[in-house]
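Q: Dropping the structure in here first, questions after.
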Amino acid sequence: MKFFSEKVNYGIAAMFELAKKHASGYLQAQQIAEAQNIPKNYLIQLLITLKKAGFVDSIRGASGGYYLAKQPRQISILDVIEVLEGPISFLGSNQENGALTFFWKQIEESFKTLLNVSLEDLVNRDQGITFEI
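For what it's worth, the working numbering labels the leading residue of the sequence shown as 1, then goes sequentially.
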C-alpha cells in the first residue's frame with residue numbers, strides 16, 4: 001500500500017529543492033522539475049497551491065522564479081502534506097469504540113510527530129549533517 005500520493009511526493013521534492021537553494025535566490029520551474037524529476041506542468045500546479053498556502057512566492061520574468069516565502073526551518077513536511085492533501089486522520093467520523101479510538105489517536109499523533117521534520121532538517125541531512133527524529 002502506498003501511503004502518500006504522487007502529489008505529496010512531488011510537492012515535498014519541490015519544497016526540498018527550494019530549501020536546498022534557499023540562499024541562492026529564485027529557481028525557475030524548469031530547474032526544480034529537472035532537479036527533482038517532476039513533470040513541469042504538474043509542478044506548476046503544485047507551486048500555485050503552495051503559494052496560496054503562503055509557503056512559496058514567485059517573481060515573473062526571465063530572471064524571476066520561485067522561492068520559499070518562509071525560512072526552511074519554519075516549514076515542516078507535515079505542513080506540506082496537509083496543504084496538499086488535507087489534515088491527516090486515522091479515524092472516521094463514526095468511531096465509537098473507546099479503546100480503538102484511543103489506539104488510532106495514538107498512532108495518528110505518533111505519525112504526525114514523525115512528519116514534523118523541517119525542510120531545514122532534510123537539507124542538513126542531505127548535506128551529511130545528522131539529526132534526531
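Heads up, the beta-carbon is just placed ideally off N, CA and C, and yes, glycines get one too.
Return the residue from the list Ile38, Gln30, Gln71 and Val83 that minimises the CA-CA distance to Ser63.
A: Along the sequence shown, one-based indexing puts residue 63 at 63. For Ser63, the nearest C-alpha among the options comes from Gln30.
Q: Assuming Ile77 is part of the alpha helix (DSSP H), what are its boundary residues?
A: The residue you call residue 77 lines up with position 77 of the sequence shown. Ile77 to Glu85 is the span of the alpha helix (DSSP H), which, as asked, contains Ile77.
Q: Quick one: what's got a C-beta closer than 8 angstroms to Ile88's C-beta in the same chain, skipping five residues either side?
A: Stepping through the sequence shown from its first residue, residue 88 is reached at position 88. Taken in chain order, the residues that qualify are Leu78, Ile81, Glu82, Glu108, Phe111, Lys112 and Leu115.
Q: Just mark Glu21 as buried or exposed, buried being the case when its beta carbon has 16 or more other beta carbons within 10 Å.
A: As a position in the sequence shown, residue 21 is number 21, starting the count at 1. The amino acid at residue 21 is misidentified as Glu; the sequence shows Lys. Lys21 comes out buried.
Q: Classify Phe16 as buried or exposed, calling it buried when 16 or more other Cβ atoms lie within 10 Å of its own Cβ.
A: Along the sequence shown, read from residue 1 onward, the residue named residue 16 stands at position 16. Under this definition Phe16 is a buried residue.
Q: Along the chain, where does the alpha helix (DSSP H) containing Ile59 start, and where does it finish?
A: Stepping through the sequence shown from its first residue, residue 59 is reached at position 59. Not the alpha helix (DSSP H): Ile59 falls in the beta strand (DSSP E), residues Val56 to Ile59.
Q: How about Val56 and Leu18: are their beta carbons less than 9 angstroms apart?
A: Here the question's residue 56 lines up with position 56 in the sequence shown. Here the question's residue 18 lines up with position 18 in the sequence shown. For Val56 and Leu18, yes; Cβs fall inside 9 angstroms.
Q: For the segment 40–57 against the segment 95–105, do three or more pairs of beta-carbon atoms, one drawn from each stretch, fall closer than 8 angstroms, so that the two count as touching?
A: Taking 8 angstroms as the limit for Cβ pairs, the verdict is that the segment 95–105 does not touch the segment 40–57.
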